[in-house]
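Undergrad:
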Amino acid sequence: MAHPSQLGFQDAASPVMEELLHFHDHALMIVFLISTLVLYIIVAMVTTKLTNKYILDSQEIEIIWTMLPAVILILIALPSLRILYLMDEINDPHLTVKAMGHQWYWTYEYTDYEDLSFDSYMIPTQDLAPGHFRLLETDHRMVVPMESPIRMLISAEDVLHSWAVPTMGVKMDAVPGRLNQAAFIASRPGIFYGQCSEICGANHSFMPIVVEAVPLTHFENWSSLILEDA
185 MAHPSQLGFQ
195 DAASPVMEEL
205 LHFHDHALMI
215 VFLISTLVLY
225 IIVAMVTTKL
235 TNKYILDSQE
245 IEIIWTMLPA
255 VILILIALPS
265 LRILYLMDEI
275 NDPHLTVKAM
285 GHQWYWTYEY
295 TDYEDLSFDS
305 YMIPTQDLAP
315 GHFRLLETDH
325 RMVVPMESPI
335 RMLISAEDVL
345 HSWAVPTMGV
355 KMDAVPGRLN
365 QAAFIASRPG
375 IFYGQCSEIC
385 GANHSFMPIV
395 VEAVPLTHFE
405 NWSSLILEDA
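Quick note: the sequence shown uses the numbering used here, first residue 185, plus one each step.
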């Protein structure tokens with residue numbers, strides 16, 4: 185999760201987020217090189233008096249400054265498109281979870297089970313246990329098996345919401361009357377935090393998302409306990 189004075193992204197917990205981090209570094213390096221070149225030209229123009237009165241136009245220079253930006257844009261676009269298609273690819277999901285946004289909580293329904301659903305509310309500050317995070321903890325976590333393709337079906341009951349977990353590289357709008365889908369694979373066990381990322385009313389800041397990735401056997405035990413309590 186995020187920590188004070190953090191400058192970069194959160195640690196990746198899914199293959200898609202790892203690809204996004206690599207693409208960010210790739211694009212940032214290109215931007216850095218372009219910025220350095222532009223700064224050098226500006227400084228050179230200000231500090232020197234180099235002029236050439238005999239070159240009024242140059243076909244070669246025009247070709248270079250037309251082709252070079254095109255090549256740079258292609259170098260940015262190709263990996264970007266690859267990640268875009270990777271994020272939309274959902275092949276044989278092992279588990280489907282439907283997340284329904286409400287003002288101001290989430291409802292999770294495990295559609296592969298007959299009766300496995302629950303509401304997830306934020307734990308008030310005065311009820312937090314030692315070591316828990318303010319405004320991020322919920323009374324029920326969304327538990328998923330690690331290293332398994334998970335499909336999320338995301339919608340809303342009332343107004344626009346957005347289901348976002350940065351470490352998973354997932355952010356999908358929850359639109360009333362529309363069912364959007366996203367996919368992720370938790371590459372390691374852990375507890376990952378997110379929040380509604382669409383302003384949805386007075387308590388928009390108080391509907392966190394907590395995803396707990398556990399080994400498959402632990403997930404089966406958890407689902408059995410939830411079904412027994414139901």
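Glycine included, C-beta positions come from ideal geometry on N, C-alpha and C.
As the structure is a computational prediction, the values presented were derived from the model and not from experiment.
(1) Terminal residues of the continuous beta strand (DSSP E) containing Pro314?
(2) Looking only at its own chain, which residues have a Cβ that is under 7 angstroms from the Cβ of Glu202, when we skip the five neighbours before and after it?
(3) Measure the CB-CB distance between Ser198 and Gly353 and report whether it falls below 8 angstroms.
(4) What residue range does the beta strand (DSSP E) around Met326 cover?
(5) Where do the ends of the alpha helix (DSSP H) carrying Leu268 lie?
(6) I want to know whether the segment 339–359 touches the segment 296–314 - three or more CB-CB distances under 8 angstroms.
(7) Go through the segment 327–356 residue by residue and report every complete run of the beta strand (DSSP E) that reaches 3 residues or more, in order.
(8) Report buried or exposed for Ala386, applying the criterion of at least 16 other Cβ atoms within 10 angstroms of its Cβ.
(9) Answer yes or no: do Met415 and Val281 have a C-beta to C-beta separation smaller than 8 angstroms?
(10) Inspect the beta-carbon positions of Glu382 and Ser346 and report whether they are closer than 8 angstroms.
(11) With a 10 Å radius around its C-beta and 16 neighbouring C-beta atoms as the bar for buried, classify Val398 as buried or exposed.
(12) Do you know whose CA, among Gln287, Leu217, Thr295 and Asp299, lies nearest Leu344's CA?
(13) Please confirm whether Leu400 and Ser332 have their CB atoms less than 8 angstroms apart.
(14) CB-CB under 8 angstroms to Arg335, same chain, minus the five flanking residues each way: which ones, in chain order?
TA: So, to answer that:
(1) Run containing Pro314: none; DSSP gives neither H nor E here.
(2) These residues qualify, in order along the chain: Ala196.
(3) Yes.
(4) Here the beta strand (DSSP E) through Met326 covers Met326 to Pro329.
(5) From DSSP, the alpha helix (DSSP H) with Leu268 extends over Gln243 to Asp272.
(6) As far as the Cβ criterion goes, the segment 339–359 does not touch the segment 296–314, which means the pair count is below three.
(7) Correct list: 333–340 and 345–349.
(8) Counting Cβ neighbours within 10 Å, Ala386 comes out exposed, since fewer than 16 surround it.
(9) The structure shown has nothing for residue 415, since the chain only spans 185 to 414.
(10) For Glu382 and Ser346, yes; Cβs fall inside 8 angstroms.
(11) Val398 comes out buried.
(12) The alpha carbon of Leu344 has as its nearest neighbour, out of Gln287, Leu217, Thr295 and Asp299, the alpha carbon of Gln287.
(13) Yes, Cβ-Cβ distance for Leu400 and Ser332 is below 8 angstroms.
(14) Annotation for Arg335: Ile274, Pro277, Leu279, Thr280, Val281, Gln365, Ala366 and Ala367 place their beta carbon closer than 8 angstroms to its own, counting only its chain and skipping 5 residues before and after.
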